Amino acid sequence: MRRVWIFLITGMCAAWGQSVTRHEALQQQVRSGTITPLEALYSEALHMAGESDAALKDAEYLPERCGFGLRHRVRQAWHDFSPAQRKVLAPAFARPSLPEHHISSEGRFRIHYTLTGWDAVSAEDLTGSGVPDWVEETAAAMERSYAVQVTQLGLQPPPPDPVDGPEWDVYILDIDAWGYYGWTDHDVRVTRNPDTYTSYITLDNDYALTLTKGLDGMRVTAAHEFNHMIQLGYHGRYDVQDGFWDDLFMMEASSTWMEDVVYDDINDYYYYLDSFFMNSNKAFNHVGNLREYGLCIWFHFLEKHLGGRGFFVNLWENIVDFPALPAMEHTLRRAGTSLDREIPRFYAWNVMTGSRADTVRYYPEGKHYPETALDSALVLADPTEIDSAIRSTAARYYRLETGDGTEIFAVPVNVNWNFDAISERFVLKLSSASDFLNTRLTNQWYAALETDDFMRWRSTLVLRAPGEETDFIELAGVRSGLTQDDLVSCYPNPHVWSEHELYPVTIPFILKNPGRVRLVVTSVSGFVVEDREEFFNRGLHQFEWNVNRTGGSGAASGIYVIRLFREGKLLRQEKAAVIR
Numbered sequence: 020m021r022r023v024w025i026f027l028i029t030g031m032c033a034a035w036g037q038s039v040t041r042h043e044a045l046q047q048q049v050r051s052g053t054i055t056p057l058e059a060l061y062s063e064a065l066h067m068a069g070e071s072d073a074a075l076k077d078a079e080y081l082p083e084r085c086g087f088g089l090r091h092r093v094r095q096a097w098h099d100f101s102p103a104q105r106k107v108l109a110p111a112f113a114r115p116s117l118p119e120h121h122i123s124s125e126g127r128f129r130i131h132y133t134l135t136g137w138d139a140v141s142a143e144d145l146t147g148s149g150v151p152d153w154v155e156e157t158a159a160a161m162e163r164s165y166a167v168q169v170t171q172l173g174l175q176p177p178p179p180d181p182v183d184g185p186e187w188d189v190y191i192l193d194i195d196a197w198g199y200y201g202w203t204d205h206d207v208r209v210t211r212n213p214d215t216y217t218s219y220i221t222l223d224n225d226y227a228l229t230l231t232k233g234l235d236g237m238r239v240t241a242a243h244e245f246n247h248m249i250q251l252g253y254h255g256r257y258d259v260q261d262g263f264w265d266d267l268f269m270m271e272a273s274s275t276w277m278e279d280v281v282y283d284d285i286n287d288y289y290y291y292l293d294s295f296f297m298n299s300n301k302a303f304n305h306v307g308n309l310r311e312y313g314l315c316i317w318f319h320f321l322e323k324h325l326g327g328r329g330f331f332v333n334l335w336e337n338i339v340d341f342p343a344l345p346a347m348e349h350t351l352r353r354a355g356t357s358l359d360r361e362i363p364r365f366y367a368w369n370v371m372t373g374s375r376a377d378t379v380r381y382y383p384e385g386k387h388y389p390e391t392a393l394d395s396a397l398v399l400a401d402p403t404e405i406d407s408a409i410r411s412t413a414a415r416y417y418r419l420e421t422g423d424g425t426e427i428f429a430v431p432v433n434v435n436w437n438f439d440a441i442s443e444r445f446v447l448k449l450s451s452a453s454d455f456l457n458t459r460l461t462n463q464w465y466a467a468l469e470t471d472d473f474m475r476w477r478s479t480l481v482l483r484a485p486g487e488e489t490d491f492i493e494l495a496g497v498r499s500g501l502t503q504d505d506l507v508s509c510y511p512n513p514h515v516w517s518e519h520e521l522y523p524v525t526i527p528f529i530l531k532n533p534g535r536v537r538l539v540v541t542s543v544s545g546f547v548v549e550d551r552e553e554f555f556n557r558g559l560h561q562f563e564w565n566v567n568r569t570g571g572s573g574a575a576s577g578i579y580v581i582r583l584f585r586e587g588k589l590l591r592q593e594k595a596a597v598i599r
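In this note's numbering, the protein residues as written are 20 to 599.
This is the structure in structure tokens:
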């Protein structure tokens, strides 16, 4: 038997060398006790203000991309800095004042600029309008961002900004030398719970030092930052202890995806995918080292998988009432699915990139994406066991060769999105042994994903056989010796309409042989409210009663009996309460 402990063979992936962002380098010092969190924040703020920091100045760092999160943290901690520190930072964190301005064609944006000094834009005016071409192009990019995001997609416009007139303000400064494309500053709170804000944008004056240069760099940043302005009109919730936007991972992923929606042909987001593909054992909502920008691929996945962009407006409407992950769960439930299903599928799609890309079935631009770093690659022995751990909402990647030219990519996932950064162990077992808890992969190979918290685990196995279409096989987590008596009762129970409107009542069960299973739901008086059948393979499964669809308007309050039948024999019986 081949048994692999992954902690012995990790480190195979090669991200961007040893490079980290300035923020990540400072956080490492905080974790080591070298500096305090406030000292780290001040160091970051100094850099944004154009001042050097002796502790970090000799190293090279990845560009930070967007200053949206940092500027909020600095503002929240402003009175924790000393008077001398505030004096140094004040000019860089105040609303800019520039001598010139230009109103965009539709009158929505006021572009502030200067023709002299460090922040000067090029005075070139090939149109002869009397306004620098760079300024006109900036105004056009902002109007296009509005047209796509508000008019076409249906997002609500940002709160009005009354400073310097009714237009939304955009300031052009020289900021790319500090590693930033741009940022959005929240300004005045408009409402509480949800917390909404007026805001303004800062863009660079030439994009000469960014990864995407010139006008294209400006265009994607206009789309990115305008999306931040929109977000601040839904709910800008933040942690009062550390000043971080609570939903920053989703905010940056959303804005980065929006760059490609507004300007599909520029593709600046390619630069940030390594940060996601090379670090799979990170929580889905992890922020740091540019991973939140690489997470934009989640929205590319949903757009292709769900067949459109309608989910995006629904997500931000849900963020008004819920933090980002519960809001995403509500959004997916509305689309007939869930995070438990889509996170494993998403990670499996990330196998299909680079040389393995299928641009018809999966990511349309997948051939340009990096290939996911593997935790291990090995030739299967009979049996093989892979023993490792995964953080919540994270994944591992294993390439397994069967010896006949078939590749199997195993992608186990801990789908417990209610707990951040918990690392739990699992054993992925592959063998020729046929057991009712094993899932058949090929004529020879079967697989099982064993873990104690088996209801919160999934694995997708991506099969690539010579001359055949790629196949996805999904595994539920199991436990050795699992029986019906080990399974949890149906859930949620009670089903409270105000909390679970979009959620089905789920009843888990085990099949020792494949076949059709019948779900019958009755009132306590025997009235049948649901009666349907589905086919299941052998193994651990879940049958769902869609409470909100029963009878057209949803099941009434009361006690219901849920029965599962297999070939006429009772397989499982539960009672559930519905409260409306």
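Heads up, the beta-carbon is just placed ideally off N, CA and C, and yes, glycines get one too.
Owing to the predicted nature of the structure, the values given are computational and were not obtained by experimental measurement.
- Give, in chain order, every unbroken run of the alpha helix (DSSP H) that is at least 4 residues long and sits entirely within the stretch 39 to 92. Taken in chain order, the complete alpha helix (DSSP H) segments of 4 or more residues contained in the stretch 39 to 92 are 41 to 51, 56 to 67.
- Message: Am I right that D214 and G255 are in contact with their C-beta atoms under 8 Å? What's the rounded C-beta distance?
- Response: Distance from D214 to G255 at the Cβ level is roughly 5 Å; contact confirmed, criterion being Cβ atoms closer than 8 Å.
- Query: Looking at C-alpha atoms only, which residue of W153, T170, G173 is the closest neighbour of V189?
  - Reply: Answer by Cα proximity: W153.
- Label K301 either buried or exposed according to how many other C-beta atoms from any shown protein chain fall within 10 Å of its C-beta, with 16 as the threshold for buried. With a threshold of 16 other beta carbon atoms within 10 Å, K301 meets it and is buried.
- Which runs of the alpha helix (DSSP H) fall wholly inside the stretch 347 to 421 and span at least 4 residues, in chain order? Fully enclosed alpha helix (DSSP H) runs of no fewer than 4 residues occupy 358 to 368 of the stretch 347 to 421, in order along the chain.
- Task: Determine, using beta carbons only, whether L506 and P523 come nearer to each other than 8 Å.
- Result: 8 Å or more divides the Cβ of L506 from the Cβ of P523.
- Query: Taking G385 as the reference, which of A466, F296, F303 has the closest Cα?
  - Reply: For G385, the closest of A466, F296, F303 by C-alpha to C-alpha distance is F296.
- Message: By alpha-carbon positions, which one of E404, V434, L393 ends up nearest to T412?
- Response: Just measuring C-alpha positions, the residue of E404, V434, L393 sitting nearest T412 is V434.
- Query: Which ranges does the alpha helix (DSSP H) cover as unbroken runs of at least 4 residues, wholly within the stretch 118 to 176, from first to last along the chain?
  - Reply: Annotation note: the stretch 118 to 176 contains the following uninterrupted alpha helix (DSSP H) runs of length 4 or greater, listed N- to C-terminal: 152 to 165.
- When the Cα of F341 is compared with those of E518, R475, V580, which residue comes out closest? Of E518, R475, V580, the smallest CA-CA separation from F341 is found for E518.
- Message: Spatial neighbours of L27 within its chain, please: C-beta separation below 6 Å, excluding the five flanking residues on both sides.
- Response: Per-residue confidence for L27 stands at a pLDDT of 32, beneath the threshold of 50, marking its modelled position as unreliable; no derived number is given.
- Could you tell me which residues DSSP puts in a beta bridge with D204? Residue pairing by DSSP puts D204 in a beta bridge opposite Y219.
- Note down, in chain order, each residue of its chain lying with its Cβ closer than 7 Å to the Cβ of E348, except the 5 sequence neighbours on either side. Leaving aside the five residues that flank E348 on each side, the residues in its chain whose CB is nearer than 7 Å to its CB run, in chain order, S357, L358.
- Item | V370 beta carbon less than 8 Å from that of V430 | Remark: C-beta atoms of V430 and V370 approach each other more closely than 8 Å.
- Out of curiosity, what's the CA-to-CA distance linking Q463 and A400? Going by the C-alpha atoms only, they are around 12 Å apart.
- Item | Helix, strand or coil at F555 [DSSP, three-state] | Strand.
- Is the stretch 274 to 288 close to the stretch 240 to 249, with three or more CB pairs under 8 Å? With three or more CB-CB distances shorter than 8 Å, the stretch 274 to 288 counts as touching the stretch 240 to 249.
- Extent of the continuous alpha helix (DSSP H) to which L516 belongs: Per the sequence shown, the amino acid found at residue 516 is Trp instead of Leu. Segment 516 to 519, the alpha helix (DSSP H) holding W516.
- Message: Would the stretch 190 to 203 count as touching the stretch 76 to 91 if we require 3 or more Cβ pairs under 8 Å?
- Response: The stretch 190 to 203 vs the stretch 76 to 91: in contact.
- Query: To the nearest angstrom, how far is it from the Cα of H305 to the Cα of G545?
  - Reply: Cα to Cα, the separation comes out at about 49 Å.
- Task: State the start and end residues of the unbroken beta strand (DSSP E) segment that holds Q592.
- Result: 588 to 598 is the span of the beta strand (DSSP E), which, as asked, contains Q592.
- Rounded C-alpha distance that separates W202 from T479: Roughly 38 Å between the two C-alpha positions.
- Please classify K531: is it buried, with 16 or more other beta-carbons within 10 angstroms of its beta-carbon, or exposed? Under this definition K531 is an exposed residue.
- Message: Strictly by DSSP, which residues pair up with Q561?
- Response: BP columns for Q561 point to P527.
- Task: Assign V481 to buried or exposed, taking buried as 16 or more other Cβ atoms, counted over all protein chains shown, within 10 Å of its Cβ.
- Result: A buried status is given to V481, since no fewer than 16 other beta-carbon atoms sit within 10 Å of its beta-carbon.
- Task: Determine which residues share a DSSP beta bridge with W187 and list them.
- Result: Answer is F128, bridged to W187.
- Under the three-state reduction of DSSP, which class applies to E487: helix, strand or coil? In this structure, E487 counts as coil in the three-state DSSP scheme.
- Exposed or buried, I598, counting other C-beta atoms within 10 Å across all chains shown (16 or more means buried)? Counting Cβ neighbours within 10 Å, I598 comes out exposed, since fewer than 16 surround it.
- 8 Å CB neighbourhood of R208 in its chain, flanking five on each side removed: Answer for R208: D214, T215, Y216, listed in chain order.
- Message: Any contact between the stretch 145 to 160 and the stretch 117 to 135? By contact I mean 3 or more CB pairs, one from each, below 8 Å.
- Response: Here the stretch 145 to 160 lies against the stretch 117 to 135, with 3 or more beta-carbon pairs under 8 Å apart.
- Buried or exposed by the 16-neighbour rule on C-beta atoms within 10 Å, applied to P247: Checking the sequence shown, residue 247 turns out to be His, not Pro. H247 is buried by the Cβ-count criterion.
- Query: Taking the continuous alpha helix (DSSP H) assigned at I249, which residues delimit it?
  - Reply: Start and end: 233 to 250.
- Message: For the pair the stretch 404 to 424 and the stretch 375 to 385, tell me if three or more CB-CB distances fall below 8 Å.
- Response: In this structure the stretch 404 to 424 does not touch the stretch 375 to 385; the number of beta carbon pairs closer than 8 Å is below three.
- Task: Would you decide whether T135 is buried or exposed? Buried here means 16 or more other CB atoms lie within 10 Å of its CB.
- Result: Exposed: under 16 other Cβ atoms inside 10 Å.
- Item | Buried or exposed by the 16-neighbour rule on C-beta atoms within 10 Å, applied to Q37 | With a pLDDT of 43 at Q37, under the threshold of 50, the predicted position of this residue should be treated as unreliable, and no value is reported.
- Message: Considering only their Cβ atoms, is the gap separating F562 from R535 smaller than 8 Å?
- Response: 8 Å or more divides the Cβ of R535 from the Cβ of F562.
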